[in-house]
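Be aware that the sequence shown starts at 1, since it is given in my numbering, and climbs by one per residue. Note that the Cβ used here is the ideal one computed from N, Cα and C, for glycine as well. Every value quoted in this text rests on a predicted model; they were computed, and no experiment measured them.
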Amino acid sequence: MPPSSGRIVRLCLSPSLPPAKSAHSVCYYAKLAFVRPLFFAFTAFIGAYFLFFRSPSFRSSSTNRFGEDYFAMSLPSAKGWHARAHMHPSSATFVPSRGKLVFAVLLNAPADPEGFTVALFRPDVAVDARGRILQVQPDDFAALADLAEQVNRLPETGSFMTAWRVAHDRTDQPIDRLFVPVPGGKEIKQTSVQGWHPEKKKLKTPVADYTELPAVLHKLLGDIKEARTDYQRGQEENKDLIDQIKALVQFE
1 MPPSSGRIVR LCLSPSLPPA KSAHSVCYYA KLAFVRPLFF AFTAFIGAYF
51 LFFRSPSFRS SSTNRFGEDY FAMSLPSAKG WHARAHMHPS SATFVPSRGK
101 LVFAVLLNAP ADPEGFTVAL FRPDVAVDAR GRILQVQPDD FAALADLAEQ
151 VNRLPETGSF MTAWRVAHDR TDQPIDRLFV PVPGGKEIKQ TSVQGWHPEK
201 KKLKTPVADY TELPAVLHKL LGDIKEARTD YQRGQEENKD LIDQIKALVQ
251 FE
């Protein structure tokens, strides 16, 4: 009577009892039946790896996507900073200066073509869209300053106003213009985002290895927009101050 399949496996895999001569052929085919599917599966995996996972397009897109997702989780956050800030005790004597400027953000939009969003000055001052002079909490100030410094290290886009263009169906999107002084010099670098959206990040035109808006730029603008809370055009509380800040960054 031929041996059962369970007996064949035990016989062939036994570490102590070698199979009888009559069982050699049975063991051979049993091992072949066991190994062959593993061999073909391994070969298929290697082929798929080199054809798909190692392709330049996959490496570029996946590295960008997964790397940005991980990077976004490690970014400093200043969410809620505007609500935590309060009127600055030295607002009556505050004078904006380029030497203390951390960054300023202007807005070009159909409804507000020469808009102003916010400016940050050392050691703890923020001027919001209404022209109010606020004292920012230390942790929030440090987070905003850190994000702005990281944005300044992003690659050039080659576009007018160094614009990162988020893909939209409509073209008349607002442009947020970020101005950050370059350390050790008088230059102020401009980085713009056309069509910032809390959820949409895909770029209309890729920049270097980026197919989506960089996480640090998306995060910074999201936090900054809190400065436009309760803002209504034409009802600024200190328009002269806003004009002075605009002159600091638009000095050409």
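Query                                                                                                                                                                                : Result
Give every residue of the same chain whose Cβ lies closer than 6 Å to the Cβ of V78, excluding the five residues on either side of it in the sequence, and list them in chain order. : First, the amino acid is wrong: residue 78 is Ala here, not Val. Answer for A78: D140, A143, L144, D223, listed in chain order.
Scan the region 194-228 and note each continuous beta strand (DSSP E) run of 3 residues or more that stays entirely inside, going in chain order.                                    : 202-207, 210-212
How big is the Cα-Cα spacing for T157 and D112?                                                                                                                                      : 25 Å
I'd like to check one pair, E212 with L220: are the Cβ atoms closer than 8 Å?                                                                                                        : no
Tell me the rounded alpha-carbon separation between P198 and V166.                                                                                                                   : 11 Å
Determine the extent of the alpha helix (DSSP H) in which Q150 is found, giving its start and end residues.                                                                          : 138-151
Quick one: what's got a C-beta closer than 7 Å to H86's C-beta in the same chain, skipping five residues either side?                                                                : L134, Q135
Excluding sequence positions up to five away, which residues of its chain have a Cβ less than 7 Å from the Cβ of E226?                                                               : W81, H82
Evaluate Q235 with the Cβ neighbour count: other Cβ atoms within 10 Å of its Cβ, from every protein chain shown; 16 or more gives buried, anything less gives exposed.               : exposed
Can you tell me whether F116 is buried or exposed, with buried defined as 16 or more other CB within 10 angstroms of its CB?                                                         : buried
Would you tell me roughly how many angstroms separate the C-alpha atoms of P155 and L106, rounded to the nearest one?                                                                : 21 Å
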